[in-house]
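So for the sequence shown, the working numbering puts the first residue at 1140; every next one is plus one.
We treat Cβ as the ideally placed atom computed from N, Cα and C, and that holds for glycine.
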Amino acid sequence: MRVLIASALLVVNCGGDTKTDAVVAPDAAVALADERIEVEVDPNVELLGLLSRLAGYPEYNEGVPSTPFIHAADAWFETFADHDAVLTAHGNRTDHQVGFNAPASLAVHLDSSLQLRVPLSPYPERLDYRWRDAPTSEFLEEVRRFHRDADFGGFWRQWTGYSEQVEGRYRELFAEQQLIEWFDNVFGEVDGATYVIRPGLFEGRHNYGNSVRTPDGTLEFHPVLGIASVDDEALPVLDQGDVLLAVHEIAHVYVNPLFEAHAADLEVGASAAFAHVADEMRRRAYPNWQYMANESGVRACEVLYAQNKFGEKAAEVALVLNRKAGFEWIGPMSEALDKWIETHDAGDMAGFPAVAGEVMAEWAADPTRAAVPTWRGPKVVKTIPETGAAEVSPLIDEIRVEFDQPMRTNSWSWVRHSDGNFPNTMDSPRFLSDQVAVLPVRLEANHYYQLSVNSITYRSFKGLSGESAVPYVIEFTTGTLPDGVEPPASMTEPPPNP
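What follows is the structure, encoded as C-alpha cells:
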C-alpha cells in the first residue's frame, strides 16, 4: 500500500546524473511485451478518489501533484463539498476507518453505471473488509446521485485526452517488462486472469493492490498506481521505481490470500517481530502483525524482482529503503523466497509462509541485526526541518541535511516528487561543510512539502569514496505566516549547477 521507491524527477542535480532517464511522452498505442497487461485510467477509481479528496482524507490531499487536472477538479466540484455522498464518505472514514485502498477496492467492484458487479451477500472475496460494516449500498446510491448532480461525466469527458496521455506514459514504462511471466514463475499461472494497471490521478504518492473475483470465478488484477511526480506537461515522470511499485501492488493479490490462509504458520514469528516495530508499523497504517506479514511478503517479491530484472544495485536500493521503512528482515526474506523458487515448482507456495515466519522470528530473537548496515554509502543523520515535522516556520530560508561522513562537495541530487510539493528555490545548492548540505528555499504557509536526498535513479550525493548516499525522504508541513510578514520572492528558474 505504501510507496516503497518513490518515482522521482530530478530538479536540482549535479555530478553526472541527467534527466535522460525520464520517460518521454509516448504514442498511446505503444505495444506491451506482455500482452496480458493493459493500462487504463478507471473513472470509477477516480470518482471514489475525488469523493475521498472532498471528504478530507489526508492521503487523497497531501502529496497529490498540483496539475491542471487537479485544479480543474477542485474548481468544478467545490460547490458539492456538502453533497450527501461527500458527507457519507466522511462518516465512512470516522466510523469505519475507510481510507487508503478501500475506496479503490470498492471502485473496481463497480460497473460503468456504478452498480456492484458482485453481490454484497455473500461478502465479495476481494472487497476490502472495511466495507462490510459500512453503509455500502446507501453510499453507492449517493455516489450515483453525486455523479449525476455534479456532472462527473461531463468533467471526465473534458479530460479524456489527458488521461490517455497518462496511460501512454505508463505503456512506455511497461513496454519491455514481463511482470506477469515473473509472477507465473513464482505463484503459478492464474487461468483466465486479467491484469489492468490503473494510473491514479487523485491518489498522489499512494498505490493500492486491488482485485476482483467475478461471479464466474475470473480473477481480475487492478493495481492502482498513484502519480507522485509530474513534468512541465503535468504528465507522470516514471522510472524503475514505478515498475517496482506495480510489482508491489500486484504481489498483494497473490501474497495476502496466501499468508492469510496460512496465518497460523506466521503468527508466532510475525507477532514477535511486530513487537519490536509496532509504532513504526502503525504509523505506516499496518496496525497488526498480519498486515505487517502481508507487507513483508510483498516487499520480498519487490526486492527479488529488482534483483532479477534490474540487477544488484537496484535490489540494494530497494532493500535499503525497505529497511528504512522498518522492514529490517526483508533481506533474509527475499533470499528465502529466491531459494524457495529455485527448489519448488511454480505455484507450490503453501509452505513458504512458515519459512517467512521463521525469518521474522529469527530477526526478532536477535534485534541487534538491525544495526548491521546493508549500504556502504553515507547516511543522513539529521535534517532541518526534521522529516515529519508539523507547524514548521514558513520563514526558514534553507533546508539543511547532515551526513554521517565527509561528502564530495561538488555533486548532489535534490529530488522532487511533485511540482506542488517541492519548495521554491532561492539560490544554488551548496555545502556549508563537507558533511552539511543546504538547499536555499522560499516556503509557503500551511503547505505540505516533500523532497528526497538521492533516489533510486539520481544518486549524486556521494561520499569521498564515491559511494552514493542512502536515499532519504524529507517531508514536513509549514504553519501560518505571522501577520504583516511577506516571504521573499522565489527564483523563476531552477538554480544552476556549479
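Rounded straight-line distance, which links the Cα of residue j to that of residue i
i     : j     : result
I1366 : R1438 : 20 Å
L1476 : H1210 : 44 Å
P1375 : G1486 : 34 Å
D1418 : D1290 : 43 Å
L1193 : A1220 : 6 Å
V1163 : R1310 : Confidence in V1163 is poor, its pLDDT being 31 and thus under 50, which makes the residue's placement unreliable; the coordinate value appears in the next sentence. Near 11 Å, if we compare the C-alpha coordinates of R1310 and V1163.
D1160 : A1273 : Because D1160 carries a pLDDT of 30, less than 50, the predicted location of this residue cannot be relied on, and no value is offered for it.
G1618 : V1540 : 21 Å
L1397 : L1249 : 25 Å
Q1297 : L1266 : 30 Å
S1591 : G1327 : 37 Å
R1423 : V1237 : 15 Å
G1516 : F1466 : 19 Å
F1491 : D1371 : 45 Å
A1412 : R1421 : 13 Å
L1534 : Q1574 : 24 Å
E1441 : E1388 : 9 Å
S1251 : R1287 : 13 Å
V1612 : P1354 : 43 Å
W1321 : G1470 : 19 Å
H1401 : W1468 : 19 Å
R1271 : N1240 : 14 Å
H1229 : H1235 : 10 Å
W1553 : N1593 : 6 Å
T1564 : V1203 : 20 Å
E1481 : E1177 : 29 Å
A1504 : V1416 : 13 Å
K1518 : M1488 : 37 Å
Integer Cβ distance of residue i from residue j, believed to fall under 8 Å
i     : j     : result
A1246 : N1183 : 4 Å
L1571 : V1577 : 6 Å
A1212 : F1294 : 7 Å
T1275 : L1259 : 6 Å
V1382 : Q1316 : 6 Å
L1318 : A1243 : L1318 to A1243, Cβ: 19 Å. No contact.
R1337 : L1364 : 7 Å
E1256 : V1335 : Residue identity check: residue 1256 is Arg in the sequence provided, not Glu. Their Cβ separation, rounded to whole angstroms, is 14 Å, which puts R1256 and V1335 out of contact at 8 Å.
P1207 : A1373 : 6 Å
G1348 : P1362 : 5 Å
DSSP state of residue i mapped onto helix, strand, coil
i     : result
H1586 : coil
H1138 : Residue 1138 falls outside the range modelled here, since the chain spans only 1140 to 1637, and no answer is possible.
I1535 : coil
W1551 : strand
P1197 : helix
H1658 : Residue 1658 cannot be examined here, being either before or after the span of the chain that is shown, 1140 to 1637.
V1540 : strand
I1319 : helix
P1568 : coil
I1366 : coil
V1577 : strand
Y1597 : coil
V1180 : coil
P1621 : coil
M1488 : coil
F1615 : strand
A1220 : coil
Y1262 : coil
H1235 : helix
P1524 : coil
A1608 : coil
R1175 : coil
H1210 : helix
F1313 : helix
H1415 : helix
V1162 : Any reading at V1162 needs caution, since the residue's pLDDT is 30, under 50, leaving its predicted position unreliable; the model's value is listed next. Correct three-state label for V1162: coil.
S1205 : coil
F1341 : coil
Proximity test, residue i beta-carbon vs the ligand FAD heavy atom, cut-off 7 Å
i     : result
M1565 : Absent from the structure shown: the ligand FAD. Ligands present: none.
Touching by the beta-carbon criterion (3+ pairs, under 8 Å), the stretch 1180-1199 and the stretch 1342-1361: yes
If we require 4 or more residues per run, which alpha helix (DSSP H) segments fall completely within the stretch 1422-1469? 1428-1449 and 1451-1463
Three Cβ pairs or more, each shorter than 8 Å: is that satisfied between the stretch 1276-1290 and the stretch 1218-1233? yes
Quick check: the stretch 1302-1317 against the stretch 1457-1464, are at least 3 beta-carbon pairs closer than 8 Å? no
When you compare the stretch 1544-1555 with the stretch 1521-1529, are there three or more beta-carbon pairs, one atom per stretch, that lie closer than 8 Å? no
Counting pairs of beta carbons, one from the stretch 1482-1501 and one from the stretch 1404-1412, are three or more of them closer than 8 Å? yes
Report yes or no: do three or more beta-carbon pairs, one from the stretch 1424-1441 and one from the stretch 1385-1397, lie closer than 8 Å? yes
Using a Cβ distance threshold of 8 Å, determine whether the stretch 1559-1570 contacts the stretch 1591-1611, with at least three qualifying pairs required. no
Fully enclosed by the stretch 1252-1307, which alpha helix (DSSP H) runs are 4 residues long or longer? 1275-1288 and 1291-1297
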